[in-house]
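*Asks:* Going by my numbering, the first residue of the sequence shown is number 19, and it counts up by one from there.
Have a look at this one before I ask anything.
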Amino acid sequence: MKPSSIKLTILCLLALIYNYVFWQEKLGINLLLFSTLLIAALFYFYPQSWKATNVRISTLFTILSLIMVVWHNSLTSKLAHVTSFLIMAGFIHVREYRTVYNALASYVFNFFAVVPNFISEWKHWSEQSKLSSTKTGKSLYQLRFSLIPLVFFSIFFSIFKIANPVFSDLSDSFFNSIATFFDQLFANISFVRILFIVSGSYLIGSFLYYLYYPQLLASEQKHTNIITRQRRFVKSQHINFSLVGLKNEYTTALILIISVNVLLLIVNIIDIRWLWFNFDYSTAGNLAKLVHEGTYMLILSILLSMGILLFYFRRSLNFYKNNKLLLQSSYLWIIQNCILGFSVLLRCYHYIHEYGLAYKRIGVVVFLILTYVGLFTLYQKISQKKSFFYLLRINSWAAYAMFILLTLVNWDVFIVSYNLQHPNVKMGIDLEFLLSRSDKTLPLLDQYKNRISKELESQRMDDKSYRFDNSTKKQYLEDRIQHFITEYPTYSWLSWNYTDYQAYQYFKTTQK
């Protein structure tokens, strides 16, 4: 069988499986089954790609996020798995890629070229088929010999079916099972379902069919991790002008970095005295403003500092003979930005202590971790004369790894658990926020229903500021629990995931 025929056959089979496992189901075991089959198909058609380290790492990340979808079934794990799968596909298609963003871009380009890719490969297969027409003729001639056994097999099968009631029942049962399977597979076919199957087929095709884009790989391969000095041979009258220009750039950079270092030192001293060792919640003033506006401005300051250093150390200043003072000032600036980053982290900690956890506050912490990675790679760039491409490559991999690590925690459950155990000191429990979390948090909310009831009695909320008043909130929680208990059994085993199963078992036990 020709490779193109095999690929088309697998595409059709995967499309049927896609229709069967995902139609009117939640993501769970079905995603595990389908993703595993699709990964196996990718490595079947691109077997050499497994030798590349980037392919192995991205495959490991994809499998880990897939397991977390079945385990936690959080939105983070689903988004991470989809993103990781696209990156992995890009690396499998072109194993020479070194960067995450190019692998992702390669898949995106390929996604919009599925039809041309399919036509191109099919034409290539057709041309090969014409060249081997004599072999095809022989194959068809040999195929005629199988028709005679098939005819006599059918005759004997009919005889035995009529003569033997047990054999007749077994054969009927066998064919009925096959018919039932296909009836279920194509039951209730509608325009929406046809569109669902077609879109699934297109998606599968974007992974199986690939058209090589040499421009994207060529643009990456021309970049290296190390900056190399490029000497330009110019006329003698221009040499002095070039040296003067470089010296002026050095002087400008030195004045800027030293002056901002002094300014940042003052800010860090204030933060260390007031925020690190003498912070008092009662005298902190508007803590929300301190965190929201102050944190974002400090993060902007760190990013701006990194941008300035990248600008000045982009080319010739890396090789300037008398740049020792500039290097030392730059290292000091990086260290001071690390201190500033820790001050931002403390602001976020104090805010969480007072007002509880939320996704934006977790996002600030994640962003700060990535910022520290960026500052470390910036130090490496300056000290070891690394290129800007090196920074992009390492930091994109760090962001990718961080995204996968975030799937290890069920953040909805973690946030609700923390906020219920550490209620808001000033405002109590933010029920409006907690009630908007996923169904996975319902057992926790049910366990703390007495505390929630007391909280509802003590709170006086403005109806205009909230979606629900206090009585509605209590009823809303009960309605959500009943809806979950009623809805969960309507899904098949394909939608199974551990967290929802655990929640259902909890309510099944407690409501007996």
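For every residue, glycine included, the Cβ atom is placed at its ideal position computed from N, Cα and C.
#1: From the DSSP output, which residues share a beta bridge with Lys404?
#2: Would you check if the stretch 53-70 and the stretch 418-426 touch, i.e. whether three or more CB-CB distances between them fall below 8 Å?
#3: How far does the alpha helix (DSSP H) with Trp351 in it reach, from first residue to last?
#4: Taking Ser456 as the reference, which of Tyr36, Phe432, Asn468 has the closest Cα?
#5: From Leu235 to Gln66, what distance separates their C-alpha atoms?
#6: Determine the direct distance from the alpha carbon of Lys69 to that of Phe103, and round the result to whole angstroms.
#7: Please classify Lys339: does DSSP put it in a helix, a strand, or coil?
#8: Cα separation between Ile290 and Arg498?
#9: Would you tell me roughly how many angstroms separate the C-alpha atoms of Leu112 and Gln233, rounded to the nearest one?
#10: Work out the CA separation of Phe127 and Ile180 for me, nearest whole Å.
#11: Could you tell me the distance, in whole angstroms, from the CA atom of Gln239 to the CA atom of Tyr377?
#12: Compare the beta carbon distance of Ile276 and Ser347 with 7 Å and say whether it is the shorter of the two.
#13: Report the option in Asn428, Leu452, Phe394, Phe40 whose CA atom is closest to the CA atom of Tyr373.
#14: List the endpoints of the continuous alpha helix (DSSP H) containing Ala131.
#15: For the structure I just gave you, are there three or more beta carbon pairs, one from the stretch 215-223 and one from the stretch 24-42, closer than 8 Å?
#16: Determine whether the beta carbon atoms of Tyr408 and Asn243 lie at a separation below 7 Å.
#17: For Leu343 and Leu316, what's the separation of their Cα atoms in angstroms?
#18: When you compare only the Cα positions, how much space is there between Phe406 and Asp448?
#19: What's the call for Phe251, buried or exposed, on a 16-neighbour Cβ count within 10 Å?
#20: State yes or no: is the C-beta of Ile357 within less than 7 Å of the C-beta of Asn286?
#21: Please state if the CB of Ala521 and the CB of Lys458 are separated by a distance shorter than 7 Å.
#22: Anyone know if the C-beta pair for Tyr125 and Gly108 falls short of 7 Å?
#23: Measure the C-alpha to C-alpha separation of Arg211 and Trp41 and round it to an integer number of angstroms.
#24: Mind checking which residues open and close the alpha helix (DSSP H) that includes Asp518?
#25: Counting only the same chain and skipping the five closest in sequence on each side, list residues whose C-beta sits under 7 Å from that of Leu460.
#26: State whether the stretch 379-399 contacts the stretch 85-103, with contact taken as three or more CB pairs (one from each stretch) at a distance under 8 Å.
#27: In whole angstroms, what separates the C-alpha of Phe185 from that of Phe178?
#28: Quick check: what's the CA-CA separation for Leu463 versus Gln402?
#29: Going straight from the alpha carbon of Ala271 to that of Tyr314, what length do you get?
#30: Under three-state DSSP, which class holds Phe297?
#31: Beta-carbon separation of Leu534 and Leu50 under 7 Å?
#32: Under 7 Å, do Ser361 and Leu293 count as touching if we go by C-beta distance?
#33: Determine the DSSP secondary structure at His111, reduced to helix, strand or coil.
#34: Can you give me the C-alpha to C-alpha distance between Leu282 and Thr269, rounded to a whole angstrom?
*Replies:* In terms of the structure at hand:
#1: Partner(s): Ile244.
#2: No, they do not touch.
#3: Taken as a continuous stretch (DSSP letters only), the alpha helix (DSSP H) holding Trp351 covers 342-373.
#4: Residue nearest to Ser456 within the set Tyr36, Phe432, Asn468 is Phe432 (criterion: CA-CA distance).
#5: Roughly 17 Å separates the two Cα atoms.
#6: A direct Cα-to-Cα measurement between Phe103 and Lys69 gives close to 18 Å.
#7: Looking at Lys339 - three-state DSSP - the assignment turns out to be coil, as it is neither helix nor strand.
#8: Approximately 47 Å between the Cα atoms of the pair.
#9: For clarity, residue 112 is Val in the given sequence; the question names Leu instead. The straight-line gap separating the alpha-carbon atoms of Val112 and Gln233 is approximately 12 Å.
#10: So the alpha carbons of these two residues sit roughly 59 Å apart.
#11: Distance between the alpha carbons of Gln239 and Tyr377 is about 38 Å.
#12: For Ile276 and Ser347, yes; Cβs fall inside 7 Å.
#13: Comparing Cα positions, the closest option is Leu452.
#14: Run containing Ala131: none; DSSP gives neither H nor E here.
#15: Yes, the stretch 215-223 touches the stretch 24-42.
#16: The answer is yes: Cβ separation under 7 Å.
#17: A straight line joining the alpha-carbon of Leu343 with that of Leu316 spans about 26 Å.
#18: So the alpha carbons of these two residues sit roughly 44 Å apart.
#19: In this predicted model, Phe251 has a pLDDT of only 48, less than 50, meaning its place in the structure is not dependable; the value taken from the coordinates is given anyway. Classification of Phe251: exposed, given that the 10 Å Cβ count is below 16.
#20: The Cβ-Cβ distance between Ile357 and Asn286 falls below 7 Å.
#21: The Cβ atoms of Lys458 and Ala521 lie closer than 7 Å to each other.
#22: It is a contact, given that the beta carbons lie within the stated cut-off.
#23: Cα-Cα distance, rounded: 8 Å.
#24: From DSSP, the alpha helix (DSSP H) with Asp518 extends over 516-528.
#25: Cβ neighbours of Leu460 within its own chain (closer than 7 Å, five residues either side excluded): Arg498, Ile499, Phe502, Ala521.
#26: No, the stretch 379-399 does not touch the stretch 85-103.
#27: So the alpha carbons of these two residues sit roughly 7 Å apart.
#28: When rounded, the distance between both Cα atoms is 53 Å.
#29: Their backbone Cα atoms lie some 25 Å apart in a straight line.
#30: Correct three-state label for Phe297: coil.
#31: This structure does not reach residue 534, given that the chain is present from 19 up to 530, and the question cannot be answered.
#32: Cβ distance < 7 Å, so Ser361 and Leu293 count as in contact.
#33: Helix.
#34: The straight-line gap separating the alpha-carbon atoms of Leu282 and Thr269 is approximately 20 Å.
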